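Residue numbers (the working numbering), protein chains in the order written: chain W, 93 to 471; chain X, 93 to 471.
One structure is given here, and the rest of the page talks about it.
There are 2 protein chains.
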Amino acid sequence: MPTKSYLYTPGPTPVPPQVTAAMNRPMIGHRSQEFANLHGEIVEKAKTVFQTANDLYVLTTSGTGGMETAIANTVAPGDRVLALVTGNFGERFAKIASAYGAVVTRLEFPWGTAFDMEQVTETWEKEGPFKLVLATHNETSTGVTNDIASLGNYLKDTEALLLVDAVSSMGAMDIRTDEWHVDIMVTGSQKALMLPPGLALVSVSSKAWPIIEANGGVRFYFSLLEARKSFAKQNTPWTPAVALFYGLDAALDLILTEGLSNVFHRHTRMTAAARAGARALGMELLADDSVASHTVTAIIPNTGVGANDLSGILQKNMGVTFAGGQGQLKGKLLRIGHMGYCSELDVILAIAALEMALYKAGAAVSLGTGVQAAEQALV
Amino acid sequence: MPTKSYLYTPGPTPVPPQVTAAMNRPMIGHRSQEFANLHGEIVEKAKTVFQTANDLYVLTTSGTGGMETAIANTVAPGDRVLALVTGNFGERFAKIASAYGAVVTRLEFPWGTAFDMEQVTETWEKEGPFKLVLATHNETSTGVTNDIASLGNYLKDTEALLLVDAVSSMGAMDIRTDEWHVDIMVTGSQKALMLPPGLALVSVSSKAWPIIEANGGVRFYFSLLEARKSFAKQNTPWTPAVALFYGLDAALDLILTEGLSNVFHRHTRMTAAARAGARALGMELLADDSVASHTVTAIIPNTGVGANDLSGILQKNMGVTFAGGQGQLKGKLLRIGHMGYCSELDVILAIAALEMALYKAGAAVSLGTGVQAAEQALV
Chain W
93 MPTKSYLYTP GPTPVPPQVT AAMNRPMIGH RSQEFANLHG EIVEKAKTVF
143 QTANDLYVLT TSGTGGMETA IANTVAPGDR VLALVTGNFG ERFAKIASAY
193 GAVVTRLEFP WGTAFDMEQV TETWEKEGPF KLVLATHNET STGVTNDIAS
243 LGNYLKDTEA LLLVDAVSSM GAMDIRTDEW HVDIMVTGSQ KALMLPPGLA
293 LVSVSSKAWP IIEANGGVRF YFSLLEARKS FAKQNTPWTP AVALFYGLDA
343 ALDLILTEGL SNVFHRHTRM TAAARAGARA LGMELLADDS VASHTVTAII
393 PNTGVGANDL SGILQKNMGV TFAGGQGQLK GKLLRIGHMG YCSELDVILA
443 IAALEMALYK AGAAVSLGTG VQAAEQALV
Chain X
93 MPTKSYLYTP GPTPVPPQVT AAMNRPMIGH RSQEFANLHG EIVEKAKTVF
143 QTANDLYVLT TSGTGGMETA IANTVAPGDR VLALVTGNFG ERFAKIASAY
193 GAVVTRLEFP WGTAFDMEQV TETWEKEGPF KLVLATHNET STGVTNDIAS
243 LGNYLKDTEA LLLVDAVSSM GAMDIRTDEW HVDIMVTGSQ KALMLPPGLA
293 LVSVSSKAWP IIEANGGVRF YFSLLEARKS FAKQNTPWTP AVALFYGLDA
343 ALDLILTEGL SNVFHRHTRM TAAARAGARA LGMELLADDS VASHTVTAII
393 PNTGVGANDL SGILQKNMGV TFAGGQGQLK GKLLRIGHMG YCSELDVILA
443 IAALEMALYK AGAAVSLGTG VQAAEQALV
């Protein structure tokens, strides 16, 4: 195994040294004024990234915990929920709702495609109204981005709450929480926010609060009412992961210093390079250009060498880690995460590694072909 | 300026996170048994990398301080010294000897070439004997490696001491301190040893000790006699840079875990890739293949775009830092450092950045050409 390694999983992602350094700051009591000040600043910066004026909470839990928080605070047993499922994480969101006793209508779309607004409106008209609609902004398992703007626009005049999983896109893509009428937006720390796992960020709209207040379903830890009460004093109800808060503050500074529009542009370019590179190598892309995620590219190798074999060569010979397929696409995909602390040059490195792995596996590949296309997409 | 940066200077070099983590271990008193144990282990591991059974000292100083230590302990005013100068650092070694009052015979070779043993023996026969011979193993300013084995073999039956600067090659190239009869071998921490600057490592042969003992030239800090005396108790005469010692221990572990022969092989391959890539881009290499350094490649751009202009584009647009030319080659070279915490894929990234910079500068370059050649050199 090579000593140096290159992590291209779509979460966790590489952590910038500035963030690691911040995480090493001395521990402080979380009931101190110092923590309260830090907490207050983090929330303000995070709201800028979320493009929201809504309330926002930083929870010590994983992205899934953030999704459960969204559901736990809004679902009462028997509630009717419409879940738009475009992959593994849409599936997970639906499962959490079921676990809380919701009656879930699953509207499923073929993996690799985005949800179709026509089918959504049809379902709503036939089977609605629903109390909640669950959607995935960026489906990590397929590399597809869904059109939350249109969904939010459709739902904004209904009584339904729109709950969105943006775990693998917040901080990388242009997500307009308020403009898109998203009532609860969820993200996690270990993706484009460039932190280790352990935090979820959740925004809550004024439309959502009465539902949350009326809801009796939250046992304890995931209570947004407790979070709101504590945040009145810039506190958290339970012990926060202080080192991750330090890191989050530093990561948000990196994002805001680069500038949101520059960050978004960089991710657009990384996607273009990854897709051009993979295509030039004769590979197929799971998602159509029109719905392609800017943070993760899902590739069907299609070159006579299996995804798992390629992954093995990449990891063993070059220290390069891509992700594989999940659920129904297990063993069939290579997924390259390109988000957060990742540049266009890192994408070129990934494509170079991929074409050398193909060559080593004996595939008919002309070295440099993928990189050339990736570079052409960048200049 | 991009947020993420890529450091390809031939020192300092990127520091592995394992080393950074080790450097963050709690401070300990340097007169403690704990430090003595650490010190003892470091010296044993460093001897393995130096391929020596000689004494070895870790000094809290830069590489230049290590070179001065070698000179200060062996040169008395009026001593005759033969300095083989193949570039900027050979020049520096000679200057230090002059500063200590040596009568220095400079045998200079054109920058970009190695020293020529025929001329060395001729000079020795005409003007020798000398008390000391100074040589550079790896001339960082030109990307040239000198044949220390032949030099040592020639000098081994003379009374002259052979002092060698291996600052930018130790830990990357196959350096046989004992087999090559090197009396004082010097290296620094911030090159292939993957540490921040601040330490020099110096080995001392049994042939050198009587000269050192007879020498009265060392004022204080650089005294090898003091270093030897303290090391009898695994101590240092003056306060050591404890955090760098922690880091050195971790870095030596990385090198020895990868395995010396694997490390050497990786550096050979990185050189091959860098040279093939640059050549394919129509650039000229300062050093001939036969004497090419495995840690730094000096490139004469030769493509109508100046070295400084290319450096500017690389840094400003891509966050990539190469080194420029030094001394008589100032403004005429690009030097790519590829040593230590650097892999073959990092070299490909460097070549990709280089060809995109050429393209941006308007040079007639076909994107992918350099990377293709670099990859072909690797598979």
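Ideal placement from N, C-alpha and C gives every residue a C-beta, glycine not left out.
Source: prediction; values computed, not measured.
(request) Check distances from the C-beta atoms of the segment 417-438 of chain W to those of chain X and list, in chain order, the residues that come in under 7 Å. (result) Y433, S435 and L437
(request) Out of W:M119, W:A252 and W:L287, point me to the one whose CA is closest to W:P102's CA. (result) W:L287
(request) Reducing DSSP to helix, strand and coil, say where W:E350 ends up. (result) helix
(message) According to DSSP, is W:A189 part of a helix, a strand, or is it coil?
(response) helix
(request) Note down, in chain order, all residues in the segment 97-110 of chain W with a beta-carbon under 8 Å from any beta-carbon belonging to chain X. (result) Y98, P108 and P109
(request) Following the continuous beta strand (DSSP E) through X:I267, name the residue where it begins and the one where it ends. (result) It is not in any beta strand (DSSP E) - X:I267 carries neither H nor E in the DSSP assignment.
(message) On the DSSP letters alone, give me the boundaries of the alpha helix (DSSP H) that X:Y246 sits inside.
(response) I240 to L247
(message) At the 8 Å Cβ level, is W:A445 part of the contact set with chain X, yes or no?
(response) yes
(request) Inspect the beta-carbon positions of X:A206 and X:D239 and report whether they are closer than 8 Å. (result) yes
(message) Pull the bridge partners of X:Y451 from the DSSP assignment, please.
(response) According to DSSP, X:Y451 bridges with nothing at all.
(request) Indicate whether at least one CB of chain X lies closer than 8 Å to the CB of W:Q464. (result) yes
(request) Can you have a look at X:I210 and say buried or exposed, based on whether 16 or more other CB atoms are within 10 angstroms of its CB? (result) Contrary to the premise, residue 210 of chain X reads as Glu rather than Ile in this sequence. Classification for X:E210: exposed.
(message) Can you give me the C-alpha to C-alpha distance between X:A145 and X:D275, rounded to a whole angstrom?
(response) 11 Å
(message) Measuring straight from C-alpha to C-alpha, what distance separates X:T213 and X:S382?
(response) 21 Å
(request) Please go through the same chain and pick out, in chain order, the residues whose beta-carbon is closer than 6 Å to the beta-carbon of X:A194, but skip the five residues on each side of it. (result) V167, D171 and V173
(message) Can you find the residues in the same chain that come closer than 6 Å, C-beta to C-beta, to W:A342, ignoring five residues on each side of it along the sequence?
(response) Q110, V111 and A114
(request) Using DSSP bridges, identify the partner residues of W:V195. (result) W:R172
(request) Using a Cβ cut-off of 8 Å, pull out every chain X residue sitting near W:M448, in sequence order please. (result) E467, L470 and V471
(message) What does the alpha-carbon distance come out to for the pair X:V294 and X:W330?
(response) 16 Å
(message) Using 8 Å as the threshold, is the C-beta distance between W:M473 and W:L285 below it?
(response) What is shown of chain W runs 93 to 471, which leaves residue 473 of chain W out entirely.
(message) Let me see if you follow: with CB-CB separation under 8 Å, is X:L199 close to chain W or not?
(response) no
(message) If you measure between the beta carbons of X:L426 and X:S403, is that distance less than 8 Å?
(response) yes
(request) For the segment 218-230 of chain X, enumerate the residues whose C-beta is nearer than 7 Å to any C-beta of chain W, in chain order. (result) none
(request) On the DSSP bridge assignment, give the partners of W:Y98 in chain order. (result) W:V412
(message) Less than 8 Å between the beta carbons of X:T389 and X:I428, yes or no?
(response) yes
(request) Please state if the CB of W:H359 and the CB of W:M448 are separated by a distance shorter than 8 Å. (result) no
(message) Report the start-end ranges of each alpha helix (DSSP H) in the segment 335-399 of chain W that is 4 residues or longer and not cut off at the edges.
(response) 352-372
(request) List the whole-angstrom C-beta distance separating X:A379 from X:G179, where the pair is believed to meet the contact cut-off of C-beta under 8 Å. (result) Contact doesn't hold; Cβ gap of about 10 Å is too wide.
(message) Output needed in chain order: residues of the segment 312-338 of chain X with a Cβ under 9 Å from some Cβ in chain W.
(response) none
(message) Between W:S435, W:Y433, W:M410 and W:G398, which has its C-alpha nearest W:G417's C-alpha?
(response) W:G398
(request) Mind the definition here: the segment 350-365 of chain W touches the segment 289-308 of chain W only if three or more C-beta pairs lie below 8 Å; say whether that holds. (result) no
(request) Can you check DSSP and say which residues form a bridge with W:V256? (result) W:A227 and W:M277
(message) List, in chain order, every chain X residue whose beta-carbon is nearer than 8 Å to that of W:K452.
(response) V471
(message) If distances are taken between C-alpha atoms only, which option among W:F222, W:T228, W:V141 and W:E217 comes closest to W:R184?
(response) W:T228
(message) Which residue wins for smallest C-alpha separation from W:D147, given the options W:M431, W:G132, W:A384 and W:V310?
(response) W:G132
(request) Report back the beta-carbon spacing between X:K96 and W:Y433 to the nearest angstrom; my notes put them in contact at under 8 Å. (result) 6 Å
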